[in-house]
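According to our numbering, the stretch in the sequence shown is residues 55 to 241, in order.
Take a look at the structure below.
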Amino acid sequence: MAREGNFDVIVLDIMLPKLNGYRVCQSLRDEEIWTPVLMLTAKDGEHDEADAFDLGADDYLTKPFSFVVLVARLRALLRRGAPERPVVLQAGDLTLDPARRLVLRAEHEIPLTPREFGLLHFLLRRKGDVVTKSEILAAVWDENYEGDSNVVEVYIGYLRRKIDAPFDRQAIETVRGVGYRLADNGG
Numbered sequence: 055m056a057r058e059g060n061f062d063v064i065v066l067d068i069m070l071p072k073l074n075g076y077r078v079c080q081s082l083r084d085e086e087i088w089t090p091v092l093m094l095t096a097k098d099g100e101h102d103e104a105d106a107f108d109l110g111a112d113d114y115l116t117k118p119f120s121f122v123v124l125v126a127r128l129r130a131l132l133r134r135g136a137p138e139r140p141v142v143l144q145a146g147d148l149t150l151d152p153a154r155r156l157v158l159r160a161e162h163e164i165p166l167t168p169r170e171f172g173l174l175h176f177l178l179r180r181k182g183d184v185v186t187k188s189e190i191l192a193a194v195w196d197e198n199y200e201g202d203s204n205v206v207e208v209y210i211g212y213l214r215r216k217i218d219a220p221f222d223r224q225a226i227e228t229v230r231g232v233g234y235r236l237a238d239n240g241g
């Protein structure tokens with residue numbers, strides 16, 4: 055129905071028979087159907103919510119929920135409308151597709167570990183901005199992470215060896231005494 059009709063909002067449950075709501079949402083976005091999507095789920099984990107947003111959902115509501123809250127969220131989605139917005143993040147010829155867990159540099163696929171992927175995703179969302187180690191740790195590891203903060207430097211090094219060095223680029227800049235910045239143009 056979403057492919058053939060013109061709707062203001064789609065309310066989509068994650069737990070569907072056969073094809074789950076995540077895949078339905080991803081399929082809609084892959085087909086460039088930008089109708090706002092409100093995901094409903096009995097799952098309340100932050101990773102489930104993050105997955106829904108990464109796949110193109112516009113809002114997320116956990117069951118059980120109040121009908122008043124559901125209607126208010128639908129009204130908010132209606133006010134925002136359905137602007138075209140690809141989910142793929144890009145800086146120059148470096149692209150990251152969260153839905154497909156795919157990273158490309160100049161059309162070459164770059165395999166990344168989940169942590170490397172999370173770090174690159176964070177840097178791309180903040181491209182051009184200087185981000186501190188503590189911001190990276192809170193966003194990519196956990197705000198309660200108590201390990202050594204040098205782990206950020208280690209993973210920045212891993213990323214540089216995968217997304218920059220083989221392509222003779224320098225996308226990830228070190229800003230001495232502050233943190234890191236991913237160049238707007240991808241290096």
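C-beta: ideal position from N, C-alpha, C; glycine also.
Proximity of residue i and residue j at Cβ, strictly below 8 Å
| i | j | result |
| --- | --- | --- |
| VAL125 | LEU92 | no |
| LEU94 | VAL65 | yes |
| LYS117 | ALA96 | yes |
| GLY245 | ASP218 | Summary: the structure shown does not reach residue 245, with the chain confined to residues 55 through 241, and so no result is reported for it. |
| VAL142 | THR149 | yes |
| LEU134 | PRO90 | The sequence shown places Arg at residue 134, not Leu. A contact, by the Cβ cut-off of 8 Å. |
| ARG181 | ALA153 | In the sequence as presented, Arg is not what sits at residue 181; that position holds Lys. Their beta carbons are not under 8 Å apart, which means LYS181 does not touch ALA153 by this criterion. |
| ARG159 | ASP151 | no |
| GLY172 | VAL194 | yes |
| ILE226 | LEU166 | no |
| ILE87 | ARG57 | yes |
| VAL184 | VAL122 | no |
| ILE190 | VAL208 | no |
| LEU213 | GLU170 | yes |
Boundaries (first-last residue) of the alpha helix (DSSP H) holding residue i
| i | result |
| --- | --- |
| ALA104 | 100-108 |
| VAL123 | 121-134 |
| GLU170 | 168-179 |
| VAL242 | The displayed coordinates of the chain run from 55 to 241. Any statement about residue 242 would go beyond what the structure contains. |
Distance cut-off 7 Å: residue i Cβ against heavy atoms of the ligand FMN
| i | result |
| --- | --- |
| GLU200 | In the structure on display, the ligand FMN does not appear, and there are no ligands present to speak of. |
Assigned exposure category for residue i - 16 Cβ within 10 Å defines buried
| i | result |
| --- | --- |
| GLU200 | exposed |
| ASP105 | buried |
| HIS175 | buried |
| LEU82 | buried |
| LEU70 | exposed |
| GLU161 | exposed |
| ARG129 | exposed |
| ARG223 | buried |
Beta-bridge partners of residue i, as assigned by DSSP
| i | result |
| --- | --- |
| GLN144 | THR149 |
| THR155 | Contrary to the premise, residue 155 reads as Arg rather than Thr in this sequence. Beta-bridge pairing links ARG155 to no other residue. |
| TYR114 | MET93 |
| ILE64 | VAL91 |
| VAL185 | TYR234 |
| GLU163 | LEU158 |
| VAL208 | In the DSSP output, where bridge partners are listed per residue, VAL208 has none listed. |
| ILE226 | LEU236 |
Start and end residues, beta strand (DSSP E) containing residue i
| i | result |
| --- | --- |
| GLY233 | 233-236 |
| ILE217 | Run containing ILE217: none; DSSP gives neither H nor E here. |
| query | Is the stretch 71-87 in contact with the stretch 112-122, if contact means three or more CB pairs nearer than 8 Å? | reply | no
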